[in-house]
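Trainee: Numbering (the numbering used here), first residue to last: 73 to 320. Just so you know, even glycine gets a beta-carbon here, dropped at the ideal spot from N, CA and C. Since this is a predicted model, take the numbers as computed values, not measurements.
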Amino acid sequence: MDNIILTIDDLNLSVQNKKILRGIKMEIWAGHIHALIGPNGAGKSTLVSTVMGLPGYKPEQGKICFLGEDITNLPVFDRAQRGLTLAWQEPARFEGLSVEKFILTGAKNKCHKRAEEVLEMVGLDPHKYLNRAVDKTLSGGERKRIELASIIAMEPKLILLDEPDSGIDIDALEKIFSLLKKLKQDGITIVAITHSLAVLNQADHAFLMCCGKILDKGDVNRIASYFQNKCIPCNHDRFITSTIETAP
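1. Extract the residue ranges of the alpha helix (DSSP H) inside the stretch 184-267, only unbroken runs of 4 or more that lie entirely within it.
2. With a threshold of 16 other CB atoms inside 10 Å of the CB of Glu141, please say whether the residue is buried or exposed.
3. Does DSSP put Asp150 in a helix, a strand or coil?
4. Which residues mark the beginning and the end of the alpha helix (DSSP H) in which Thr122 is found?
5. Answer with buried or exposed for Ala270, where buried requires no fewer than 16 other C-beta atoms within 10 angstroms of its C-beta.
6. Alpha carbon to alpha carbon, how far is Lys256 from Ile77? Give it in angstroms, no decimals.
7. Is the stretch 267-281 touching the stretch 120-139, taking contact as three or more C-beta pairs under 8 Å?
8. Does the count of Cβ pairs from the stretch 278-285 and the stretch 244-259 closer than 8 Å reach three?
9. Does the beta-carbon of Ile242 have 16 or more other beta-carbons within 10 angstroms, so that it is buried, or is it exposed?
10. Could you check the C-alpha separation between Ser297 and Trp160 for me, to the nearest Å?
11. For Lys247, would you say it is in contact with chain C, using Cβ-to-Cβ distances shorter than 9 Å as the test?
12. Kindly indicate which three-state DSSP category Ile175 falls into: helix, strand or coil?
13. Decide if the stretch 191-199 is in contact with the stretch 147-154; the criterion is three or more beta carbon pairs, one per stretch, under 8 Å apart.
14. Going by DSSP, what residues sit across from Asp81 in a beta bridge?
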């Protein structure tokens, strides 16, 4: 039986009086790559922001447990200290901050050698990147990989990836896929938000989300059929109507 690293039970959240998450229930198995898929506006990014404890994402109902501990009311810093991390869809830019300082800010081991190691893990030459600024001169793929390097340096137990394929080219994406497999081999759990079949195919298990609810979960190929058929099987329009009518 697989170990459960993250449990979400009956999670409900509203933003500006609009119901976004509706009774979310999920179990995330340790040491696996999980995909969370669904159309734009399904609530995927809101869900991971709530799990991470970001400001403005406090649930009005439900529980989030990480490694058996209730973290529902913990601040983001405490969640990060316990090994929970989030990689943004659009990585932040920090004008004037070097890549090395960016990586080592949250690193457990804050030595120069560790910054070199994690850059090499994401396929970037430390000699070319350590002293560069984390700014607009970096491509989308470079910034994604630098952010992943900083996350690896934190030595997390679970990584939440918000659309890892957003804004990057095919070569960079293949490097990220290889890295995800390496992280899995090292025992790190990954939850990747996506509406890309390429990303979905890297996963061991998938969740289908629509209109703030988890509609299905299980085999990646079966869940992929919803997107290959343009989400017709989930009867999206009818589901929207029914959830609005039954919303509390």
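Mentor: By the coordinates alone:
1. Those alpha helix (DSSP H) runs which fall completely within the stretch 184-267 and span 4+ residues are 184-193, 198-201, 212-225 and 242-257.
2. Glu141 is exposed by the Cβ-count criterion.
3. Three-state result, Asp150: helix.
4. Note, Thr122: alpha helix (DSSP H), Lys116 to Met124.
5. With fewer than 16 other Cβ atoms within 10 Å, it is exposed.
6. If you take the alpha carbons of Ile77 and Lys256, they lie about 14 Å apart.
7. Counting Cβ pairs under 8 Å, fewer than three are found: no touch.
8. The stretch 278-285, when compared against the stretch 244-259, does not touch it at the 8 Å Cβ threshold.
9. Taking all protein chains shown into account, Ile242 has fewer than 16 neighbouring C-beta atoms within 10 Å of its C-beta and is therefore exposed.
10. Near 27 Å, if we compare the C-alpha coordinates of Trp160 and Ser297.
11. Reference to chain C is not applicable here, since this structure consists of a single protein chain.
12. Of the three classes helix, strand and coil, the one that applies to Ile175 here is helix, per DSSP.
13. No contact exists between the stretch 191-199 and the stretch 147-154.
14. Lys135.
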